[in-house]
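Worksheet: the structure to be examined is printed underneath.
Number of protein chains: 2
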Amino acid sequence: MISSIAELISDRIGAMPAGERRAAQTLIANYPLIGLKTVAEFSTAAGVSSPTILRFVARLGFQNYPEFQSALQDELAAQLQSPATRTLNPASSGGGAVSPMLEATLDNMRETFRHLSERQLADIAATLANRRGKTFLIGGRFTDPLARYMAAHLAIVQPDVHHLAGQEGIWRDRLIDMGKRDVLVIFDIRRYQDSLVRFAETAHQRGVHIVLFTDQWLSPIARFARHVIAGRTAVPSAWDSSAALFVVAETLIGAVTRQLETDGAKRIRELESLR
Amino acid sequence: MISSIAELISDRIGAMPAGERRAAQTLIANYPLIGLKTVAEFSTAAGVSSPTILRFVARLGFQNYPEFQSALQDELAAQLQSPATRTLNPASSGGGAVSPMLEATLDNMRETFRHLSERQLADIAATLANRRGKTFLIGGRFTDPLARYMAAHLAIVQPDVHHLAGQEGIWRDRLIDMGKRDVLVIFDIRRYQDSLVRFAETAHQRGVHIVLFTDQWLSPIARFARHVIAGRTAVPSAWDSSAALFVVAETLIGAVTRQLETDGAKRIRELESLR
DNA sequence: GGAGCGCTGTATCGTATGTTACGTATTTTG
DNA sequence: CAAAATACGTAACATACGATACAGCGCTCC
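Taken in order, these protein sequences are the chains called R and G. In case it helps, my numbering puts the first sequence at residues 185 to 459. In case it helps, my numbering puts the second sequence at residues 185 to 459.
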């Protein structure tokens with residue numbers, strides 16, 4: 185059963201020509217407000233012509249544009265009157281595999297943050313924002329993208345941020361650059377990688393400050409780490425989810441940026457002017 | 185300070201003549217939808233004449249009726265886009281900068297999936313699971329790690345998955361390998377990168393099936409994309425959040441894996457034995 | 001390679017909508 | 001109580017909006 189226009193659209197979007205699909209996509213992206221504006225505004229927002237918009241609403245089964253707008257307004261009215269339905273059933277029909285996946289991910293995040301005090305996060309952020317040493321980031325097979333993501337942001341607000349990539353031999357050699365004032369951020373979830381464990385151990389012996397992102401079962405690297413972030417990873421899927429760790433990483437990125445605000449802002453402006 | 189039109193009205197309703205007051209009351213009662221309808225509808229609903237409605241909006245300080253409607257729409261847009269402000273619960277320990285960040289992220293995910301039907305996701309998963317062609321993934325400055333993350337997983341359950349890395353020239357040359365049966369997954373959020381747009385355009389001209397991960401303002405690449413995933417990115421931070429897109433990516437990875445279950449499982453076993 | 005079909009944009013048209021002028025009703029004030 | 005001012009609605013007007021006809025273009029299928 186189709187209750188909302190959004191569902192109606194996603195139901196038929198597959199059978200639409202390119203232009204009308206663009207209209208559908210921009211409507212979904214700015215749902216439903218763009219549909220309450222005039223045809224001209226809608227069309228320019230979608231990058232198509234007005235007739236395409238009209239053909240689009242005609243394909244949805246509406247006689248004319250005003251009728252379509254009335255439907256949107258009625259829907260909005262219902263939504264505004266009962267805010268409960270907003271947070272309720274995000275994926276409507278339920279049955280499929282989407283909703284449980286999303287629900288599990290949201291739960292993971294809440295759980296992850298529940299076990300993570302603000303104090304901890306602030307400490308880690310302060311460590312990362314410490315400008316006296318260098319920052320290195322590295323990840324495992326599936327988590328290396330998280331290390332890259334964090335490195336890409338941190339490198340903008342402060343100097344001396346390095347992502348360790350490539351073959352094991354390459355980053356092992358970088359150990360020579362690491363000392364007591366440096367920070368090493370490691371991402372490692374099951375199945376834990378021996379190469380990373382060995383790497384962490386040597387770094388630890390050199391006095392490097394290790395920040396570990398891992399799962400709730402804790403990578404063996406936790407023994408060497410000064411800070412451990414244990415994220416929930418279980419989802420109804422063949423794979424583990426790194427989403428919770430991703431959000432923690434983003435939170436830390438934000439916190440570090442805020443701490444370095446003055447210096448960071450200057451750097452950002454400088455970088456902007458370099459482009 | 186007056187932030188909403190509703191406040192503005194209740195502020196001046198005392199100084200209004202009877203007819204305009206009726207207009208004000210019916211607008212408050214059906215706020216704000218009646219104000220988005222035509223003057224005629226508004227007037228009959230309020231039991232007054234059209235000019236009274238116009239005088240009413242003029243008294244509120246608007247030059248004309250459309251301007252008044254635009255203001256209402258902007259207000260609505262702000263309300264819809266940040267459900268956080270609606271459900272604001274002071275109970276959440278407040279203070280630190282962690283909680284709002286998490287809350288915003290969770291909202292972003294719910295909103296993102298609310299605009300994403302199972303049908304769409306299933307379509308995209310089917311596209312990605314289609315074994316007849318190759319799969320290419322690429323991302324922008326901050327989103328490339330997402331492309332890597334997805335590529336790392338997809339490459340395990342099926343052959344011919346390539347992440348496009350390095351300098352622009354390098355992946356431009358890979359265009360020669362792309363054809364009608366191939367899929368190109370692009371991650372592009374603000375600020376959109378010209379190089380990616382150009383790349384997408386040429387790929388589109390070659391008939392490549394493009395799947396776009398972008399933010400709610402839609403990268404210009406949306407024009408060339410067969411499938412568009414618009415994720416919410418706004419968080420109380422100096423940076424945009426890619427977390428919602430990350431979760432969508434994980435969901436798709438799971439869905440593709442499920443579709444390729446039989447073949448995929450065989451591949452996974454083979455890969456395990458290779459380690 | 002050619003013919004047919006479907007999609008899309010340009011230009012034009014009719015109309016519904018917001019706007020304004022004006023006359024009447026109602027209230028207010030001296 | 002009278003006179004003026006304010007408020008309100010009717011009706012005519014102009015604009016801008018949605019609708020439509022048509023031509024160009026690309027794509028698919030013989």
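We put the beta carbon where it would ideally sit given N, CA and C, even for glycine. Just so we're clear, the structure is a prediction, and the values are computed from it rather than from any experiment.
At a cut-off of 8 Å, the C-beta of W355 of chain R has no neighbouring C-beta in chain G.
With respect to chain G, the C-beta atom of G245 of chain R has no partner C-beta closer than 8 Å. Residue-level contact check: W401 of chain R does not touch chain G, since none of the beta carbons of chain G fall below 8 Å from its beta carbon. At a beta-carbon threshold of 8 Å, the residues of chain R lying near L217 of chain G are Q257, L260, A261 and L264, ordered along the chain. Chain order gives no chain R residues near L348 of chain G, where near means a beta carbon separation below 7 Å; the closest approach is about 14 Å. Burial check for S426 of chain R: the Cβ neighbour count within 10 Å reaches 16 or more, so the residue is buried. For F430 of chain G, the enclosing alpha helix (DSSP H) starts and ends at A427 to Q443. If you draw a straight line from the Cα of E454 of chain G to the Cα of A224 of chain R, it is about 56 Å long.
Under the 8 Å criterion on CB atoms, I322 of chain G is classed as non-interfacial with respect to chain R.
In this structure V232 of chain G is in contact with G203 of chain G, their Cβ atoms being roughly 5 Å apart against a cut-off of 8 Å. Contact annotation: the region 363-383 of chain R does not touch the region 296-307 of chain R, with fewer than three C-beta pairs closer than 8 Å. Inclusion of L429 of chain G and G415 of chain G in the CB contact set at 8 Å is warranted, their separation being smaller than that value. The residue among G:I394, G:A309 and G:Q209 with its C-alpha nearest the C-alpha of F320 of chain G is G:I394. The three-state secondary structure of G415 of chain G, taken from DSSP, is strand. What E434 of chain G touches in chain R, judged by beta-carbon distance under 8 Å, is M285, T289, V419, S421, W423, S425, S426 and A427, going in chain order.
Contact between the region 311-328 of chain G and the region 366-376 of chain G is established, with three or more Cβ pairs separated by less than 8 Å. Beta-bridge annotation (DSSP): F397 of chain R is paired with R:F371 and R:I413. Within the same chain, F320, H346 and L348 come within 8 Å of R358 of chain R by CB-CB distance, once the 5 residues on both sides are set aside. Counting only Cβ-Cβ distances below 7 Å, S188 of chain G has no contacts in chain R at all, with the closest Cβ about 14 Å away. Nearest to E352 of chain R by C-alpha distance, out of R:Q377, R:G219 and R:P216, is R:Q377. Counting the other Cβ atoms within 10 Å of the Cβ of E434 of chain R gives 16 or more, which makes it buried. D399 of chain G counts as buried, since at least 16 other C-beta atoms from the protein chains shown sit within 10 angstroms of its C-beta.
For the region 290-312 of chain G, residues whose beta-carbon sits nearer than 7 Å to a beta-carbon of chain R comprise L290, M293, R294, F297, R298, H299, S301, E302, R303, Q304, L305 and D307.
Counting along the chain, T236 of chain R sits inside the alpha helix (DSSP H) bounded by residues S234 to R243. Taking a Cβ-Cβ threshold of 7 Å, none of the residues of chain R is close to P343 of chain G; the smallest such distance is about 18 Å. The Cβ of H337 of chain R sits closer than 8 Å to at least one Cβ of chain G. The residue among G:A336, G:D195 and G:L330 with its C-alpha nearest the C-alpha of A336 of chain R is G:L330.
Scanning chain G for C-beta atoms nearer than 8 Å to the C-beta of Y333 of chain R yields F326, P329, L330 and S426, reported in chain order.
Contact between Q304 of chain G and S194 of chain R holds, since their C-beta atoms are separated by about 5 Å, short of 8 Å. When 8 Å is used as the limit between beta carbons, T319 of chain G is near no residue of chain R, the shortest such separation being about 17 Å. Residues of chain R with a Cβ closer than 9 Å to the Cβ of T441 of chain G are, in chain order, S421, A422 and W423. A309 of chain R and H411 of chain R have their C-alpha atoms spaced approximately 11 Å apart.
Judged by DSSP in its simplified three-state form, V345 of chain G adopts strand.
At least one beta carbon of chain G lies nearer than 8 Å to the beta carbon of D195 of chain R. Scanning its chain for C-beta atoms nearer than 7 Å, with the 5 sequence neighbours on each side dropped, one finds around A229 of chain G the residues T210 and I218, in chain order. Counting along the chain, the unbroken alpha helix (DSSP H) around F226 of chain G starts and ends at V223 to A230.
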